[in-house]
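Asker:
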């Protein structure tokens, strides 16, 4: 229901007191990301309806991960769009990361400056992705390698497909040479 109310107010310019309240709160709160709020509400509803018996730890992990991801993204966007302050007016705040983006960035910018704040927010978003995907930090390198290994295998398969379809191309393509795969020793 929340997705329908926010979607109708934000996307279809519905008239009425509730629609005006939703516009003021959502656009003022998240700024340029206001169009994504109904989609986020719908995604949360689908997750809850599809997995009503999901463990509370999983739901808690997802809530924390997406909250941290949203805060970091709003903060980075707020800084990227000229870091307006509330004193510059609501129009300036709405055209950046909103009041939530300002709340995330204002203390850090005043303490350590803009460049360090952006670096901290990027690290925050990175760790939020790890929380959302339930990836321990010590497994990051392994996951990155598996993604690249899968992609390189797909690329080699594409090259093989092209060479079998066009035999004259086979002589023009470079050959991939490397060491043979290692075999495990039997213990």
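Numbering (the numbering used here), first residue to last: 878 to 1064.
Glycine included, every Cβ here is placed at the ideal spot set by N, Cα and C.
Remember, it's a predicted structure, so these values are computed and weren't measured experimentally.
Hey, would you say residue 961 sits closer than 8 angstroms to residue 948, going by beta carbons?
Answerer: Within the chain shown, numbered from 1, the residue matching residue 961 stands at position 84. Within the chain shown, numbered from 1, the residue matching residue 948 stands at position 71. For residue 961 and residue 948, no; Cβs fall outside 8 angstroms.
Asker: Just to confirm before moving on: does the CB-CB distance between residue 972 and residue 958 stay below 8 angstroms?
Answerer: As a working mapping, residue 972 is identified with position 95 in the chain shown. As a working mapping, residue 958 is identified with position 81 in the chain shown. Cβ atoms of residue 972 and residue 958: closer than 8 angstroms.
Asker: Is the beta carbon of residue 952 closer than 8 angstroms to that of residue 974?
Answerer: What you label residue 974 is simply residue 97 of the chain shown in a count that begins at 1. What you label residue 952 is simply residue 75 of the chain shown in a count that begins at 1. Yes; because the gap between Cβ atoms is below 8 angstroms, this pair is in contact.
Asker: Alpha carbons only, please: which of 1010, 985, 881 and 1029 is nearest the one belonging to residue 998?
Answerer: As a first step, residue 998 must be located in the chain shown, where it is residue number 121. Checked all of 1010, 985, 881 and 1029; the closest Cα to residue 998 is 985.
Asker: In chain order, which alpha helix (DSSP H) runs of at least 4 residues are fully inside the region 900–960?
Answerer: Entirely contained in the region 900–960, the alpha helix (DSSP H) runs reaching 4 residues are, in chain order, 914–927 and 933–957.
Asker: Count the other C-beta atoms from every protein chain shown that fall within 10 angstroms of the C-beta of residue 1017, then say buried if there are 16 or more, exposed otherwise.
Answerer: Locating residue 1017 in the chain shown gives position 140, where the first residue counts as 1. Classification for residue 1017: exposed.
Asker: Tell me the rounded alpha-carbon separation between residue 892 and residue 955.
Answerer: On the chain shown, position 15 is the one that residue 892 refers to. On the chain shown, position 78 is the one that residue 955 refers to. Rounded to whole angstroms, residue 892 to residue 955 spans 29 angstroms at the Cα level.
Asker: Can you tell me whether residue 969 is helix, strand or coil according to DSSP?
Answerer: As a first step, residue 969 must be located in the chain shown, where it is residue number 92. Looking at residue 969 - three-state DSSP - the assignment turns out to be helix.
Asker: What are the boundary residues of the alpha helix (DSSP H) that includes residue 1014?
Answerer: Working through the chain shown from its first residue, we reach residue 1014 at position 137. Residue 1014 -> no alpha helix (DSSP H), and no H or E assigned at all.
Asker: Closest by CA to residue 887, which one among 915, 894, 907 and 920?
Answerer: Translated into the one-based positions of the chain shown, residue 887 becomes position 10. When each option's Cα is compared against that of residue 887, the closest is 915.
Asker: Once you ignore the five residues that flank residue 926 on each side, which residues in its own chain have a CB closer than 8 angstroms to its CB?
Answerer: For the purposes of this step, residue 926 is taken as residue 49 along the chain shown, with counting starting at 1. If we look at residue 926 and ignore the five residues flanking it on each side, it has no Cβ neighbours.
Asker: Which value, in whole angstroms, describes the spacing of the CA atoms of residue 1010 and residue 906?
Answerer: For this step, residue 1010 is matched to residue 133 along the chain shown. For this step, residue 906 is matched to residue 29 along the chain shown. Computed Cα separation, rounded: 26 angstroms.
Asker: Find out if the Cβ-Cβ distance for the pair residue 1065, residue 909 is shorter than 8 angstroms.
Answerer: The structure shown has nothing for residue 1065, since the chain only spans 878 to 1064.
Asker: With 16 as the cutoff for other CB atoms within 10 Å, does residue 920 come out buried or exposed?
Answerer: Taking the first residue of the chain shown as 1, we reach residue 920 at position 43. Flag for residue 920 reads exposed.
Asker: Can you tell me which of the three DSSP states residue 878 falls into?
Answerer: Working through the chain shown from its first residue, we reach residue 878 at position 1. DSSP places residue 878 in coil when its eight states are reduced to three.
Asker: Starting from residue 983 and walking both ways along the alpha helix (DSSP H), at which residues does that stretch end?
Answerer: Along the chain shown, one-based indexing puts residue 983 at 106. Residues 975–989.
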